[in-house]
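Number of protein chains: 2
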Amino acid sequence: MTIETILDNIYPLLEESKQLVARLVKEVSFPKGYILLKANKIETSIYLVKKGIVRAYSDLDGNDITFWFGQEGDPVISMKSYVSNQKGYEDIELLEACTFYELKISDLQDLFLKDIHIANWGRRFAEKELIKTEERLISRQFRPAIDRYKDLLKDHPDLVQRVPLGYIASYLGITQVSLSRVRAELR
Amino acid sequence: MTIETILDNIYPLLEESKQLVARLVKEVSFPKGYILLKANKIETSIYLVKKGIVRAYSDLDGNDITFWFGQEGDPVISMKSYVSNQKGYEDIELLEACTFYELKISDLQDLFLKDIHIANWGRRFAEKELIKTEERLISRQFRPAIDRYKDLLKDHPDLVQRVPLGYIASYLGITQVSLSRVRAELR
DNA sequence: TTCACTATTTAACATATGTAAAAAATTACC
DNA sequence: GGTAATTTTTTACATATGTTAAATAGTGAA
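Sequence order for the protein chains is A and B.
All residue numbers for the first sequence refer to this note's numbering, where the first residue is 1 and numbers rise by one.
All residue numbers for the second sequence refer to this note's numbering, where the first residue is 1 and numbers rise by one.
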């Protein structure tokens, strides 16, 4: 997936504006297990997944809880850093070797103030992330873990294969034992 | 709270740009119990609460579940309508007589394409809503209902007074009986 | 104040989920 | 291919929360 495609998928940009952003991008790769973003740290870059799969997790009383998975095309961001220049909640761990497009937040913010198209691209970007987050929240509040597990199986069957069950269980908000029971019933 | 104050709190605007937005705003009032936004409907306006308190809820198997409360200064929006021009999840019910600033979504979108300051205002607006939504999601995933109830008591003591307990229980994701038990333990 | 209505709490019981630990299955490596 | 290491499932038990229903408290109207 090229950076141009990813940018256009968020909000179509004129060639000139698009190149202003694309020029800022650096391609970077890291091995499985690498921690790309760190909790309680102000991050200065955002990333777009070119290849691979990652998880966001936070520590709660010593055991970590996964609250997001990211794959090809997804943005990997500490929203608190990006939006408020504050420390974020999440560690981002690479579940496979990954390649990212890296973008310095400050570079992007400069463009927001200079180019109205890029400002609107940034608006659409935030709006789309907002919708995704709202959907996660509503699904979590309204649907039981088993249904959300079925959704995951349906929408991201590869993810369920590629990711250890314990991470998926904590993502669903149940224990691994409970998820195992659920899976047994589905058989 | 004036509309100018609310706009500036989201992202400070130059007087000229601010007036472009302020001119679009219409003040509207409705009685307690009125349904301001309807689920499964594409909404064409967004609202900012000048006075009063509202709740967002969705129907689940016949009983409604509250997932958001809005008060003075808060935006009342069907995000799905605003961002994607699609039907939203939520009914918005007025828990008291309320006054809103109303803004047509299409009017605002026109300005996004014409004025870079307003485009950046729209970006900041989405970004801030995104942070709020993310915080709600993380709090819901990481903290037990009782702690979230304590937070609510601390951050919005008036809300706990003004809103029936059943709504608060469903907002917390527990039954009213369970919330009552929790409250009994706090005494 | 009294009555009617609504909201909240309490009680009794059923059930689902968590915890801890062991068993089984799967994967990785020599 | 065999052994160790890891992951997943199963078991047994404890506990918290849901359900239903009844009791109590609170509120507003006449």
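For glycine and all other residues, C-beta sits at the position ideal for the given N, C-alpha and C.
Computed from a predicted model, the values in this text were never measured in an experiment.
Keeping to the same chain, check which residues put their C-beta closer than 6 Å to that of residue i; ignore five residues upstream and five downstream.
| i | result |
| --- | --- |
| B:T99 | S29, K50, K51 |
| A:Q86 | K80 |
With a 10 Å radius around its C-beta and 16 neighbouring C-beta atoms as the bar for buried, classify residue i as buried or exposed.
| i | result |
| --- | --- |
| A:A184 | exposed |
| B:T133 | buried |
| B:P164 | exposed |
| A:D115 | buried |
| B:P12 | exposed |
| B:P157 | exposed |
| B:V76 | buried |
| B:L186 | exposed |
Starting from the C-beta of residue i, find all residues in its chain whose C-beta is less than 8 Å away, skip the five residues before and the five after it, and write them out in chain order.
| i | result |
| --- | --- |
| B:R162 | I53, L95, E96 |
| A:L179 | A145, Y149, L165, I168, A169, L172 |
| B:S58 | A39, D64, I65, F67, Y89, E90, D91 |
| A:G73 | M1, I6, N9, L48, V49 |
| A:P31 | L94, A97 |
| B:L153 | V160 |
| A:A22 | I3, E4, L7 |
| A:L113 | A119 |
| B:K18 | E4, L7, D8 |
Excluding the five sequence neighbours on either side, which residues of its own chain have a C-beta within less than 7 Å of the C-beta of residue i, listed in chain order?
| i | result |
| --- | --- |
| B:I10 | W121, R124, F125, K128 |
| B:L137 | none |
| B:L14 | H117 |
| B:L103 | L24, V25, S45, I46 |
| B:Q176 | L165, G166, A169 |
Would you say residue i lies against chain A (beta-carbon separation less than 8 Å)?
| i | result |
| --- | --- |
| B:L108 | no |
| B:Y89 | yes |
| B:K41 | no |
| B:I116 | yes |
| B:T133 | yes |
| B:M79 | yes |
| B:N120 | yes |
| B:I189 | No information on residue 189 of chain B is available, as it lies outside the stretch 1 to 187 that chain B covers here. |
| B:Q141 | yes |
| B:L152 | no |
| B:S58 | yes |
| B:L113 | yes |
Would you mind working out which of the options sits nearest residue i, comparing C-alpha positions?
| i | options | result |
| --- | --- | --- |
| B:L111 | A:E15, A:E4, A:D91, A:A119 | A:A119 |
| A:I105 | A:I92, A:H117, A:S84, A:A169 | A:S84 |
| A:L24 | A:L48, A:Y167, A:F67 | A:L48 |
| A:F142 | B:D91, B:L179, B:P31, B:D61 | B:D61 |
| B:D107 | B:P75, B:L20, B:F67, B:L159 | B:L20 |
| B:R140 | A:I174, A:R187, A:F69, A:D115 | A:I174 |
| B:Y34 | B:Y101, B:P12, B:M1, B:E93 | B:E93 |
| A:L37 | A:A22, A:T2, A:E27, A:R55 | A:R55 |
| B:Y101 | B:D155, B:E72, B:E27 | B:E27 |
| A:Q71 | A:D155, A:D147, A:E135, A:L103 | A:D155 |
| A:I46 | A:Q109, A:S17, A:E16, A:K18 | A:Q109 |
Tell me, please, whether the CB atom of residue i is closer than 8 Å to any CB atom in chain B?
| i | result |
| --- | --- |
| A:K128 | yes |
| A:G73 | no |
| A:N85 | no |
| A:G173 | yes |
| A:I65 | yes |
| A:F69 | no |
| A:R148 | no |
| A:L159 | no |
| A:F30 | no |
| A:R183 | no |
| A:R123 | yes |
| A:S17 | no |
| A:L13 | no |
Q.
When you compare the stretch 34–48 of chain A with the stretch 79–89 of chain A, are there three or more beta-carbon pairs, one atom per stretch, that lie closer than 8 Å?
A. Contact holds: three or more Cβ-Cβ distances are below 8 Å.
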